[in-house]
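Visitor:
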Amino acid sequence: MSSEEPLEVIAVHMYEKENAEAHRTFNYEMVHQDPAIPILRRGQPFNVALRFNREYVDATDIVRLLFSFGPNPNVLRGTRGVNTVTNREAYLTDLEAWGVRMIGSHGVDLSIEVRSPIDSPVGVWQLNVETNTLGRKKAPNTYSYEKDIYLLFNPWLKEDLVYLEDEQLLDEYILNDVGKIWVGPWGSSRGREWVFGQFDACVLPACQLLLERSGIKAISRGDPVNSNDDKGVITGRWDGEYSDGTAPAAWTGSVPILEQFWETGQEVKYGQCWVFAGVVTTVCRALGIPSRVVSNLVSAHDANASLSVDRYYDLNNEELEYDPNNLEGEDSIWNYHVWNDVWMARPDLPKGYGGWQAIDATPQERSDSFYQCGPASVEAIKQGAVGYNYDVTFMVASVNADLMRWKEDPESELGYSKIDCNKYHIGRMILTKAPWIFDPNGDKDRQDITSIYKAKEGTEVERLTLYRAVRSTEMAKRFYSLPSPGKEDVEFDLTELERVNIGEPFAVTVNIKNKSSESRTIQAILSAGSVYYTGVKAHLVKRASGDFVLQPNAVEQLRLTVTVNDYLDKLVEYCIMKLYCIATVKETRQTWADEDDFQVLKPNIDVKIEGEPMVGKPSVITLSFKNPLKTTLTDCQFNYAGPGLSRNKTLAFRDVGPEEDVHVEHQLVPQKAGEQKIIATFTSKQLVDITGCATVNVLDAE
Numbered sequence: 001m002s003s004e005e006p007l008e009v010i011a012v013h014m015y016e017k018e019n020a021e022a023h024r025t026f027n028y029e030m031v032h033q034d035p036a037i038p039i040l041r042r043g044q045p046f047n048v049a050l051r052f053n054r055e056y057v058d059a060t061d062i063v064r065l066l067f068s069f070g071p072n073p074n075v076l077r078g079t080r081g082v083n084t085v086t087n088r089e090a091y092l093t094d095l096e097a098w099g100v101r102m103i104g105s106h107g108v109d110l111s112i113e114v115r116s117p118i119d120s121p122v123g124v125w126q127l128n129v130e131t132n133t134l135g136r137k138k139a140p141n142t143y144s145y146e147k148d149i150y151l152l153f154n155p156w157l158k159e160d161l162v163y164l165e166d167e168q169l170l171d172e173y174i175l176n177d178v179g180k181i182w183v184g185p186w187g188s189s190r191g192r193e194w195v196f197g198q199f200d201a202c203v204l205p206a207c208q209l210l211l212e213r214s215g216i217k218a219i220s221r222g223d224p225v226n227s228n229d230d231k232g233v234i235t236g237r238w239d240g241e242y243s244d245g246t247a248p249a250a251w252t253g254s255v256p257i258l259e260q261f262w263e264t265g266q267e268v269k270y271g272q273c274w275v276f277a278g279v280v281t282t283v284c285r286a287l288g289i290p291s292r293v294v295s296n297l298v299s300a301h302d303a304n305a306s307l308s309v310d311r312y313y314d315l316n317n318e319e320l321e322y323d324p325n326n327l328e329g330e331d332s333i334w335n336y337h338v339w340n341d342v343w344m345a346r347p348d349l350p351k352g353y354g355g356w357q358a359i360d361a362t363p364q365e366r367s368d369s370f371y372q373c374g375p376a377s378v379e380a381i382k383q384g385a386v387g388y389n390y391d392v393t394f395m396v397a398s399v400n401a402d403l404m405r406w407k408e409d410p411e412s413e414l415g416y417s418k419i420d421c422n423k424y425h426i427g428r429m430i431l432t433k434a435p436w437i438f439d440p441n442g443d444k445d446r447q448d449i450t451s452i453y454k455a456k457e458g459t460e461v462e463r464l465t466l467y468r469a470v471r472s473t474e475m476a477k478r479f480y481s482l483p484s485p486g487k488e489d490v491e492f493d494l495t496e497l498e499r500v501n502i503g504e505p506f507a508v509t510v511n512i513k514n515k516s517s518e519s520r521t522i523q524a525i526l527s528a529g530s531v532y533y534t535g536v537k538a539h540l541v542k543r544a545s546g547d548f549v550l551q552p553n554a555v556e557q558l559r560l561t562v563t564v565n566d567y568l569d570k571l572v573e574y575c576i577m578k579l580y581c582i583a584t585v586k587e588t589r590q591t592w593a594d595e596d597d598f599q600v601l602k603p604n605i606d607v608k609i610e611g612e613p614m615v616g617k618p619s620v621i622t623l624s625f626k627n628p629l630k631t632t633l634t635d636c637q638f639n640y641a642g643p644g645l646s647r648n649k650t651l652a653f654r655d656v657g658p659e660e661d662v663h664v665e666h667q668l669v670p671q672k673a674g675e676q677k678i679i680a681t682f683t684s685k686q687l688v689d690i691t692g693c694a695t696v697n698v699l700d701a702e
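Going by the UniProt record's numbering, 384 is the number at position 384 of the sequence shown; the sequence numbering is gapless.
(1) Starting from the Cα of residue 99, find the closest Cα among 599, 120 and 362 and give me that residue.
(2) Alpha carbon to alpha carbon, how far is residue 528 from residue 489? Give it in angstroms, no decimals.
(3) Could you tell me the alpha carbon to alpha carbon distance between residue 124 and residue 208, rounded to whole angstroms?
(4) Out of 361, 653 and 8, point me to the one whose CA is closest to residue 682's CA.
(5) Beta strand (DSSP E) containing residue 144: first to last residue?
(6) In whole angstroms, give me the CA-to-CA distance for residue 288 and residue 694.
(7) Is it right to say residue 337 is buried, meaning 16 or more other beta carbons lie within 10 angstroms of its own, or is it exposed?
(8) Are there 16 or more other CB atoms within 10 angstroms of the CB of residue 403, so buried, or fewer, so exposed?
(9) Could you pull out every unbroken alpha helix (DSSP H) segment of at least 4 residues lying fully inside the segment 402–479, listed in chain order?
(10) Quick check: is any heavy atom of the ligand PLP less than 7 Å from the C-beta of residue 87?
(11) Which value, in whole angstroms, describes the spacing of the CA atoms of residue 543 and residue 526?
(12) Would the segment 37–52 and the segment 106–115 be scored as touching if the rule is three or more Cβ pairs under 8 Å?
(13) In whole angstroms, what is the alpha-carbon distance linking residue 405 and residue 463?
(14) Starting from residue 150, follow its DSSP beta bridges and name the residues at the other end.
(15) Could you check whether the segment 194–206 touches the segment 308–315, counting it as contact only if at least three pairs of C-beta atoms, one from each stretch, sit closer than 8 Å?
(16) From 425, 421 and 282, pick the residue whose C-alpha is nearest to that of residue 334; which is it?
(17) Could you give the first and the last residue of the continuous alpha helix (DSSP H) run that contains residue 318?
(18) Do you know how far the Cα of residue 552 is from the Cα of residue 188?
(19) List the residues that DSSP assigns as beta-bridge partners of residue 45.
(20) Could you tell me which residues DSSP pairs with residue 343 in its beta bridges?
(21) To the nearest angstrom, report how far apart residue 440 and residue 520 are at their CA atoms.
(22) Considering residue 182, what are the terminal residues of the alpha helix (DSSP H) in which it resides?
(23) Is it right to say residue 517 is buried, meaning 16 or more other beta carbons lie within 10 angstroms of its own, or is it exposed?
(24) The beta strand (DSSP E) that contains residue 583, what's its start and end?
(25) For the candidate residues 343, 389 and 604, whose alpha-carbon lies nearest to that of residue 154?
(26) Return no unless some Cβ of chain B is closer than 8 Å to the Cβ of residue 181.
(27) Per the contact definition of three or more C-beta pairs closer than 8 Å, is the segment 593–605 in contact with the segment 641–660?
(28) State the DSSP-derived secondary structure class of residue 229, mapped to helix, strand or coil.
(29) Taking the straight line between their C-alpha atoms, what separation do you get for residue 689 and residue 164?
(30) Sort 206, 550, 614 and 504 by Cα distance to residue 523 and report the nearest one.
(31) Counting only runs that start and end within the segment 57–82, where is the alpha helix (DSSP H) found for 4 or more residues in a row?
(32) Can you tell me the Cα-Cα spacing of residue 273 and residue 166, whole angstroms?
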């Protein structure tokens, strides 16, 4: 064959495993599939081999690599890269351009090295190879590489917007595929284990589908700031009715959710805030954005941008079910709320506001006409810099709003007077999983990051930061400028409950001290009720009210005892109770109110794998717990999952008798040696949110 005829490409070899080792993508299952899929990080060189029908002649043969992204690839928009292979040994110096250099030519094989731009769009790229000869006027031959090429963010590369200098932190925030999400009220929160599973074979295709449907243009997919939750993966639901889907508490991790989304193209039913955050972590880590789950214990939802959560009471101290200053929405306090921190530079903001950015995938308030929140610079949140994009005001309120209580007052311009302002209630504790530690059923892996979100409560810095935010928000200025209550000479203290096991009684206790030299007449209401974790009231369990006289300098204790029979049939999902007390001093009009939320605790699942599990050999997993109720559990279901051990397995189970010891066995075949984690959940019609976890050491195959 004449050398004047263009080369014909016989094969393209992408060195999937070798490149994956260098690019830290070796853990992705798709790299080890047959056929293997190339998964690369942007801005980092990778090797490609081309095999032709004849030897490559440097003087006359023209070989071009054409990388394309999205529906209408364009060089100027950064979605198309065209490179001619030459024998030069150095790249172009421009890191924002595609670079190609020849490594060697061996007979019919040509070895080349390619470097993608540091700002390449992230997702699926296609490769075509064009061949021609010098001076030939006809169209070139074109060979289309049949496999998708995944290009990811590169947090190990200094020039990438998501670069994180501490590589040990990347072991956690990119490479760790199992973690914890803190859930539950302040005082009884626990780390709920979650399988992120970002290396599973279904995850990157699901991410690609999500990106395609998100409305983010191809040109913008290299910028980590872009996010749009309007066409999402999972449907939120909080009313306890999940019969046409999966209960949020039943999920063990993100993989079955993303797999179902990828296979059906439909939103998966159902999730709540920690499920959204778990899936976001999976997507971000899979795409190469450092990410962690953040739990805010006692989280404000400020519906009217007042930077306060406002409760209103009538003249009889009964709480109103609406906000008279915002009839379209109502402030609320969630027992906890979960979102994500993602690490990235923010060239759109002044220096110092890069690093951790808060994003919230739970649909709450519309931002720029979408249900999305963030990225909000965590440093901007801490500084109260509400003028910086995106949604900083909403996030400042979430972690640092004041809880203000207002009572009907015909003499006030607003119709209400401020009776109480609690500066300490919101954002009691902000938690994430500590890097490099995993405590299967304890909290040694809990990391308190409250101090990176706000200054210490009650300090001058904390107050000044909040007031800085208030000055920038008209509604907040109006609320914070109103006078605080007057004379207060009676001291009230609601005793907080931290641990109550299901089936045990408890009490609402208020200690009262009259610090004046005169008697005081006190009108008080004590109540206990069940609530959803979003703060929505479910059922009143017990209530007592009355008037009494407290003598000068006297001390009194009010106590409302709640029995098992009082509360058991009124518990709702997650078994959260709210204790509440409001009292008015008749002589001074002093009004005090306080509340405490706690979770009635349930048993854990005991997770065991018998013997010494080995790769490729069947092992038996045992899941057991005791039904704490004196009633039968119906519609029972176990789920378990663990990367390297088993994909998610759902086990339908028979009815469980009152106070019965439950024991179920199932066979699994470990796929990966080393220390592995396995997570289990149990749900039923009467009892949900029972979880367990174990760490096991899997031996290599003999």
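C-beta: ideal position from N, C-alpha, C; glycine also.
Guide: In this structure, then:
(1) 120
(2) One C-alpha to the other measures close to 26 Å.
(3) 7 Å
(4) 653
(5) 141–144
(6) The straight-line gap separating the alpha-carbon atoms of residue 288 and residue 694 is approximately 28 Å.
(7) buried
(8) buried
(9) Runs found: 450–453 and 460–471.
(10) As for the ligand PLP, it is missing from this structure, which has no ligand bound.
(11) 6 Å
(12) yes
(13) Across the structure, residue 405 and residue 463 are spaced so that their CA atoms are roughly 19 Å apart.
(14) 39 and 124
(15) no
(16) Across the set 425, 421 and 282, the C-alpha of 425 shows the shortest separation from the C-alpha of residue 334.
(17) From DSSP, residue 318 is part of no alpha helix (DSSP H); its letter is neither H nor E.
(18) 37 Å
(19) 115
(20) 356
(21) 52 Å
(22) Not the alpha helix (DSSP H): residue 182 falls in the beta strand (DSSP E), residues 178–183.
(23) exposed
(24) 576–585
(25) The shortest Cα separation from residue 154 among 343, 389 and 604 belongs to 343.
(26) Annotation note: the requested chain B is absent from the structure, which comprises a single protein chain.
(27) no
(28) Residue confidence for residue 229 is low, a pLDDT of 46 falling below 50, so the modelled location carries little weight; the figure read from the coordinates is stated next. In the structure shown, residue 229 sits in coil (DSSP, three-state: anything other than H, G, I, E or B).
(29) 35 Å
(30) 550
(31) none
(32) 29 Å
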